[in-house]
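The sequence shown maps to residues 2 to 424 in the numbering used here.
To start, the structure itself, in structure tokens.
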Amino acid sequence: MYNNRSSKNLRVLRSLLTSPLLCLAMALLVALAAAGGCARITKGPFLLRASQNRAALMWETDSEGLGKVSYGTNRQLKNHIVVEPERVEYQIRENDKTPHKKTAFIYKTWLTNLKPGRLYYYRITRPDTQSKTYTFRTLPADTDEVVFAVYGDCRTYPHRHRKIVEQIIKKKVDFVVISGDLVEDGEIYQQWQQQFFQPLKGLAESVPVYAVKGNHDLSDQNYFEKLLVPPRQTANFAFDYGLVHFYCADNYVGTETQILNLIAADISASTSTWKFVSYHEPTINFGGHWSDWGYPDAMPAFAEAGVDFVITGHSHQYERFRPIAPPPGTNGSYVTYITSAGGGAPLYDVESTSYHAKAKQIHHFCLFHIKGNKLTMDTIDINGRIVDHLEINKTDGRLNKEYLQTAVSLEEVQLYRDAHSEQ
Ligand SMILES: [Fe+2]
Numbered sequence: 002m003y004n005n006r007s008s009k010n011l012r013v014l015r016s017l018l019t020s021p022l023l024c025l026a027m028a029l030l031v032a033l034a035a036a037g038g039c040a041r042i043t044k045g046p047f048l049l050r051a052s053q054n055r056a057a058l059m060w061e062t063d064s065e066g067l068g069k070v071s072y073g074t075n076r077q078l079k080n081h082i083v084v085e086p087e088r089v090e091y092q093i094r095e096n097d098k099t100p101h102k103k104t105a106f107i108y109k110t111w112l113t114n115l116k117p118g119r120l121y122y123y124r125i126t127r128p129d130t131q132s133k134t135y136t137f138r139t140l141p142a143d144t145d146e147v148v149f150a151v152y153g154d155c156r157t158y159p160h161r162h163r164k165i166v167e168q169i170i171k172k173k174v175d176f177v178v179i180s181g182d183l184v185e186d187g188e189i190y191q192q193w194q195q196q197f198f199q200p201l202k203g204l205a206e207s208v209p210v211y212a213v214k215g216n217h218d219l220s221d222q223n224y225f226e227k228l229l230v231p232p233r234q235t236a237n238f239a240f241d242y243g244l245v246h247f248y249c250a251d252n253y254v255g256t257e258t259q260i261l262n263l264i265a266a267d268i269s270a271s272t273s274t275w276k277f278v279s280y281h282e283p284t285i286n287f288g289g290h291w292s293d294w295g296y297p298d299a300m301p302a303f304a305e306a307g308v309d310f311v312i313t314g315h316s317h318q319y320e321r322f323r324p325i326a327p328p329p330g331t332n333g334s335y336v337t338y339i340t341s342a343g344g345g346a347p348l349y350d351v352e353s354t355s356y357h358a359k360a361k362q363i364h365h366f367c368l369f370h371i372k373g374n375k376l377t378m379d380t381i382d383i384n385g386r387i388v389d390h391l392e393i394n395k396t397d398g399r400l401n402k403e404y405l406q407t408a409v410s411l412e413e414v415q416l417y418r419d420a421h422s423e424q
């Protein structure tokens with residue numbers, strides 16, 4: 002009896018072991034064990050771009066293999082895109098041990114043929130892992146209202162960057178622009194996670210974050226481009242949202258003249274009511290670095306092109322200049338220059354002058370609310386307090402008289418800069 006049962010058990014076990022299904026499962030387990038377990042999503046998902054009919058996503062895993070985005074206008078996620086990763090090898094030092102090599106796999110893709118003004122659900126999947134379901138919204142076909150945040154220099158102290166992000170999350174923004182210096186040392190791959198991607202969790206999955214390249218973001222391995230520039234784009238790019246047009250420029254590719262020409266051509270061609278430019282190193286900045294990228298050619302060129310706001314980073318402070326008038330005898334725009342470089346990095350002294358509307362050494366972000374011809378900006382500190390406020394409007398393309406009456410002449414600002422920056 003015992004022998005009969007024992008041989009029966011043996012037969013069941015043998016048939017199980019030779020079953021194709023079990024063999025497949027075991028092979029999968031062995032492969033996973035060899036690869037170090039299930040893939041983990043180690044960065045993102047991160048919304049790089051969003052327009053009316055397409056959006057760009059990135060994410061990173063720690064093991065090789067095709068990735069998939071499943072997405073749709075409801076939770077059924079009927080659309081799918083398979084994405085091949087780019088392999089990145091980097092050095093890592095953990096707990097003072099000898100540095101060793103690690104490998105990451107970066108996935109970037111465009112979701113296309115989207116419908117304007119719709120909520121999209123999406124999920125990242127692999128055979129062995131999947132993300133939560135996230136949402137984002139495509140731009141409406143026709144809107145005259147937008148809320149967005151701009152800040153810069155979020156490098157070095159991630160807990161401060163996180164506090165800024167927590168304030169921005171409360172404001173329910175449509176997009177974010179970061180004016181560069183995302184990490185302290187762009188060559189150290191770990192910093193991209195610690196100082197940039199991690200603090201932006203809970204925001205960048207659903208709201209497009211447009212990153213401008215800073216000097217600290219440069220690396221021989223082009224990590225900025227690998228992580229943050231969508232397929233078939235560069236770090237010089239433009240986008241629109243309702244009545245707003247934005248041009249984000251890369252200070253570090255090409256000559257200053259070439260980049261200024263790109264910006265001027267783009268802005269001149271835009272018919273938007275409100276035109277913004279962002280790049281990393283300010284053209285006019287009192288205190289800190291006394292930066293002068295593109296100086297002095299940029300300022301008359303921006304006025305001639307019709308720029309409204311130039312928002313930069315690099316000099317770790319907040320300064321908003323009074324509107325700077327176009328050169329005498331020309332019909333250009335009155336440009337407002339803002340240095341917004343208080344996203345977390347150590348702060349620098351700012352030299353407050355009569356040319357400033359506001360200048361302060363403070364961690365902060367700028368929150369814009371545009372509705373038609375009216376623009377409101379609140380500059381908000383790390384604890385949620387408003388430290389600067391601006392309200393302007395346009396009629397037939399011209400800024401309101403009260404604001405223009407506060408303008409300073411371009412020549413005067415330049416004279417002051419030339420006299421003081423060398424001291
Ligand atoms: Fe910088």
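For each residue, glycine too, the CB sits at the ideal point set by N, CA and C.
Option in the options with minimal Cα separation from residue i
i    : options                   : result
G385 : C155, S64, E167 and T130  : E167
G343 : D182, D251, D397 and L263 : D182
T1   : H370, D382, W294 and G203 : Because the chain spans 2 through 424 in this model, residue 1 falls outside it and cannot be assessed.
R50  : D145, L115 and V208       : V208
G66  : E185, Y338 and I42        : I42
G288 : V83, D382 and T354        : T354
K496 : Q92, E392, K172 and I82   : The structure shown does not extend to residue 496, since the chain spans only 2 to 424, so no value can be given for it.
Q406 : M378, K276, I325 and E413 : I325
S64  : A105, V230, Y404 and V414 : A105
G73  : I125, Q234, I363 and H162 : I125
R233 : W111, C367 and L261       : W111
S271 : G243, T258 and V254       : G243
D419 : T396, N286, K402 and V177 : N286
Y417 : I339, A346, W291 and T337 : W291
E257 : V89, W294 and D175        : W294
Y253 : P141, A239, K214 and L261 : K214
I381 : P200, Y152 and C39        : Y152
D241 : I268, L261 and Q259       : I268
D221 : L78, H421, G118 and Y91   : Y91
S132 : H364, Y404 and T62        : T62
N114 : Q77, T274 and S52         : S52
I189 : I260, N262, K102 and A346 : K102
I179 : F366, Q77 and L120        : F366
K171 : T235, H421, I383 and C39  : I383
H162 : P347, R323, G330 and I107 : P347
P329 : K276, A408, S422 and V89  : A408
Y338 : K276, H364, D397 and I363 : K276
beta-carbon residue i near ligand 3 non-hydrogen atom, thresh 7 Å
i    : result
S279 : This structure simply doesn't include ligand 3; it includes ligand 1 instead.
Which residues DSSP lists as bridging residue i, in chain order
i    : result
C367 : V151 and T380
W60  : Y108
D389 : T380
Q92  : K102
H290 : H290 is not bridged to any residue.
L400 : K395
K44  : E61
Y248 : A239 and V278
Contact set for residue i: own chain, Cβ-Cβ below 6 Å, skip 5 residues either direction
i    : result
G373 : D145
I264 : Y248, A250 and V278
L29  : The pLDDT assigned to L29 is 44, lower than 50, so where the model puts this residue is not dependable; a value taken from the coordinates is nonetheless given after this. Contacts found: none.
F369 : F149 and M378
L229 : A212
E320 : T340, V351, H357 and A360
L391 : M378
T130 : C39 and A40
8 Å Cβ shell around residue i - same chain, five flanking residues per side excluded
i    : result
L48  : A56, A57, L58, F137, A205, E206, S207, V208, P209 and V210
N75  : Y122
I387 : D379, T380 and I381
P128 : G66
L261 : G295, D298, A299 and A302
K69  : H81, I82, V83, V84, I125, T126 and R127
P141 : Q53, P117, G118 and G243
V89  : T104, A105, F106, I107, Y190, Q222, Y224 and K227
Same chain only: Cβ atoms within 7 Å of residue i, ignoring 5 sequence neighbours per side
i    : result
D218 : G181, D182, L183, V184, G187 and F225
P297 : Q415
L334 : First, the amino acid is wrong: residue 334 is Ser here, not Leu. These residues qualify, in order along the chain: A304, G307, V308, D309 and P327.
I393 : L376, L400, N401 and Y404
S410 : A326
E412 : none
Report yes or no: do the stretch 301–309 and the stretch 357–366 share at least 3 C-beta pairs separated by less than 8 Å?
Counting Cβ pairs under 8 Å, fewer than three are found: no touch.
Mind listing which residues have their beta carbon within less than 7 Å of any non-hydrogen atom of ligand 1? Chain order is fine.
Near ligand 1, meaning a beta-carbon closer than 7 Å to one of its heavy atoms, we find D154, G181, D182, G215, N216, H217, H281, E282, G314 and H315.
Below 8 Å, how does it come out for the stretch 155–172 and the stretch 196–203: are there three or more Cβ pairs, yes or no?
Under the 8 Å Cβ criterion, the stretch 155–172 counts as touching the stretch 196–203, having at least three qualifying pairs.
Given 8 Å, three or more beta-carbon pairs between the stretch 47–61 and the stretch 129–148
The stretch 47–61, when compared against the stretch 129–148, does touch it at the 8 Å Cβ threshold.
On the three-pair Cβ rule with 8 Å, is the stretch 308–321 touching the stretch 279–295?
Taking a cut-off of 8 Å for Cβ pairs, the stretch 308–321 and the stretch 279–295 touch, as three or more such pairs fall below it.
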